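In this note's numbering, the protein residues as written are 6 to 167.
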């Protein structure tokens, strides 16, 4: 089965530009913009309080967008929102030390809930991954490392031709 060439994840696609408002114009309404948010567990060495939730959100979302997104879609009352943009990792070529393919920047929002508490769900419920899953994961990791090693000295060639 062939997929369209322009198929990409929602977080990689650009959002449509919001039209500029001029005095006398009617208000523009976007009912469901192409913004996205997902809950992310806090870092292990930085636990959060019970009324704080960490989200990864679209890079163009403002604090007001995040607040309206949560209040209008999910009816969650927010007290305060803090946003942080983390710079993506710069992948360097091992020989020439040029930046090959930098990872995109990521935006995180720490949402303080007003009258609610939040606990992150335990998806695995104490279960450990099976031995087959661990073996497959190791096998895939070694295959990826081997593929990177074969393409080490081809800095100008795009990945499509390799």
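Heads up, the beta-carbon is just placed ideally off N, CA and C, and yes, glycines get one too.
Only a predicted model underlies this, so the values are computations on that prediction, with no experimental measurement involved.
Pick helix, strand or coil for residue i, following the three-state DSSP scheme.
{"i": "residue 66", "result": "coil"}
{"i": "residue 143", "result": "helix"}
{"i": "residue 91", "result": "strand"}
{"i": "residue 79", "result": "helix"}
{"i": "residue 121", "result": "coil"}
{"i": "residue 85", "result": "strand"}
{"i": "residue 60", "result": "strand"}
{"i": "residue 1", "result": "With the chain represented from 6 up to 167, any question about residue 1 goes unanswered, as that position is not in the structure."}
{"i": "residue 71", "result": "helix"}
{"i": "residue 33", "result": "coil"}
For my contact list, residue i and residue j are in at a C-beta cut-off of 8 Å; report their separation, rounded to the angstrom.
{"i": "residue 81", "j": "residue 110", "result": "No, residue 81 and residue 110 are not in contact; Cβ-Cβ is about 26 Å, not under 8 Å."}
{"i": "residue 72", "j": "residue 90", "result": "At roughly 18 Å, the Cβ-Cβ gap does not stay under 8 Å, so residue 72 and residue 90 are not in contact."}
{"i": "residue 45", "j": "residue 22", "result": "Actually they do not touch by this definition, with Cβ atoms about 27 Å apart."}
Check whether the Cβ atoms of residue i and residue j lie closer than 8 Å to each other.
{"i": "residue 56", "j": "residue 121", "result": "yes"}
{"i": "residue 40", "j": "residue 74", "result": "yes"}
{"i": "residue 47", "j": "residue 33", "result": "no"}
{"i": "residue 93", "j": "residue 108", "result": "yes"}
{"i": "residue 88", "j": "residue 119", "result": "no"}
Buried or exposed: which applies to residue i, given that a residue is buried once 16 or more other Cβ atoms fall within 10 Å of its Cβ?
{"i": "residue 84", "result": "exposed"}
{"i": "residue 66", "result": "buried"}
{"i": "residue 114", "result": "buried"}
{"i": "residue 78", "result": "exposed"}
{"i": "residue 125", "result": "exposed"}
{"i": "residue 139", "result": "exposed"}
{"i": "residue 100", "result": "exposed"}
{"i": "residue 145", "result": "exposed"}
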